[in-house]
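In our numbering, the protein residues as written are 35 to 316.
The beta carbon of each residue, even a glycine, is placed where N, CA and C say it ideally should be.
All values reported here derive from a predicted model rather than from experimental measurement.
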Amino acid sequence: MYPKPIRPQQRGIRTAYASGVTVMLVIWLLPLFAVLLTSLRTLAAINAGHYWTWPHELDVFNYVSVFQQSDMGRYLLNSLIITIPSVAGAITLATLAGFALAKYRFRGNTLLLAIFVGGNFVPYQVLMVPVRTFSLEFGLYNSFGALILFHIAFQSGFAIFFMRNFIAVLPDDLLEAARVDGVSDWNIFRHIILPLVRPAIAALSVLLFTFVWNDYFWALVLVQGNDVRPVTTALQTLEGQFISSWQLVSAAAIIAALPPVMMFFAMQKHFIAGLTLGASKG
């Protein structure tokens with residue numbers, strides 16, 4: 035089910051693998067490196083066509099100018115207001131539903147799980163019109179509530195599938211022993227299940243934070259105006275505002291990408307532990 039470890043392989047295979055990973059990493063990072071260099075260039079250097087050379091003069095003030103000449107601070111705050119409740123709501127629903135689907139046998143259990151999983155295969159574009167109509171009819175259009183509600187709804191399918199698989203491998207004997215001692219199902223969930231799946235929750239939090247923060251589609255469909263606009267759609271507005279000031283647009287893009295990166299490094303150990311737990315239990 036999982037790839038074979040590289041270390042036991044022959045030296046030639048290990049060398050080819052390491053070389054391939056290095057090449058792919060350079061190719062993947064090259065555009066990001068170009069954007070980073072552009073964000074540190076002066077406007078004169080960009081107009082002179084210096085795109086790939088190392089800047090003779092690093093203009094760190096570009097990052098300050100983004101906040102001074104735009105509402106970047108407001109856009110970042112909007113993204114946080116949308117992302118944090120969305121992630122918290124999706125994880126709460128996923129953990130509760132995952133516990134029920136993994137440890138309770140009832141009629142329709144498999145069908146319900148299949149519905150959650152099947153929802154992940156529905157293209158968002160198909161749902162664009164009914165979701166927008168729904169938000170207009172219920173007065174949710176152009177509000178934080180609309181984005182939070184629909185992010186929770188659309189992320190829950192993957193999150194429930196993720197948490198259900200982690201909880202399913204926990205020993206049933208542990209739960210039965212608690213029930214024999216008179217522990218209620220709610221307390222079993224709180225004091226036994228949650229501590230055991232903490233690495234999985236951390237890994238899922240990083241994934242969902244990245245998904246919701248980087249969302250562009252629903253922010254474009256459900257938001258109109260700067261009061262609620264997240265940073266992803268705001269970058270498009272900044273391109274029109276700064277026109278040919280690509281150093282400012284690049285600086286804004288780097289700023290917008292920092293929170294998910296910081297989230298990953300802050301929870302790196304928990305994230306890897308969660309993924310490793312899933313692999314070892316496979």
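Should residue 296 go down as buried or exposed, given a rule of 16 or more other Cβ atoms within 10 Å for buried? exposed
Are the beta-carbon atoms of residue 298 and residue 117 separated by less than 8 angstroms? no
Classification of residue 58 by the beta-carbon crowding that lies within 10 angstroms, buried from 16 upward: exposed
Excluding five sequence neighbours on each side, which residues of the same chain lie with their C-beta closer than 6 angstroms to the C-beta of residue 196? 238
Determine the contact status of residue 270 and residue 73, defining contact as a CB-CB distance below 8 angstroms. no
Give the secondary structure of residue 91 by DSSP, where H, G and I count as helix, E and B as strand, and everything else as coil. coil
Can you tell me the Cα-Cα spacing of residue 218 and residue 140, whole angstroms? 19 angstroms
Report yes if the C-beta distance between residue 22 and residue 120 is below 8 angstroms; otherwise report no. With the chain covering only 35 through 316, there is no way to say anything about residue 22.
Per-residue DSSP class, three states only, for residue 176: coil
Applying the criterion that 16 or more other CB atoms from any shown protein chain within 10 Å of the CB defines a buried residue, is residue 132 buried or exposed? buried
Extent of the continuous alpha helix (DSSP H) to which residue 48 belongs: 45-73
Measure from the alpha carbon of residue 70 to the alpha carbon of each residue in 78, 89 and 55, then state which is nearest. 89
Measuring CA to CA, which of 168, 106 and 77 is closest to residue 387? In this structure the chain extends from 35 to 316, so residue 387 is not present and cannot be described.
Span of the alpha helix (DSSP H) holding residue 150? 143-153
Helix, strand or coil at residue 300 according to DSSP, with G and I counted as helix: helix
By the 10 Å Cβ neighbour count, where 16 or more other Cβ atoms means buried, how is residue 249 classified, buried or exposed? buried
When you compare the stretch 156-164 with the stretch 218-227, are there three or more beta-carbon pairs, one atom per stretch, that lie closer than 8 angstroms? no
C-beta contact flag for residue 317 and residue 290 at 8 angstroms: Not covered by the structure: residue 317. The range shown for the chain is 35 to 316.
Burial state of residue 125 (16 or more Cβ within 10 Å): buried
Quick one: is residue 95 buried, meaning 16 or more other Cβ sit within 10 Å of its Cβ, or exposed? exposed
Could you check whether residue 252 and residue 113 sit closer than 8 angstroms to each other, using their CB atoms as the reference points? no
Assuming residue 181 and residue 257 form a contact by the criterion Cβ under 8 angstroms, report the distance between their Cβ atoms to the nearest whole angstrom. 7 angstroms
In the structure shown, what three-state DSSP assignment does residue 314 receive? Caution applies to residue 314, whose pLDDT of 45 falls short of 50 and renders its modelled position unreliable; the model cannot decide the point.
In angstroms, rounded to a whole number, what distance separates the CA positions of residue 260 and residue 231? 39 angstroms
Please report how far the alpha carbon of residue 236 lies from the alpha carbon of residue 122, in whole angstroms. 11 angstroms
Would you tell me roughly how many angstroms separate the C-alpha atoms of residue 160 and residue 151, rounded to the nearest one? 17 angstroms
For residue 83, count neighbouring Cβ atoms within 10 angstroms of its own Cβ and tell me buried if that reaches 16, exposed if not. exposed
To the nearest angstrom, how far is the alpha carbon of residue 313 from that of residue 176? Because residue 313 carries a pLDDT of 45, less than 50, the predicted location of this residue cannot be relied on, and the following value inherits that uncertainty. Approximately 41 angstroms between the Cα atoms of the pair.
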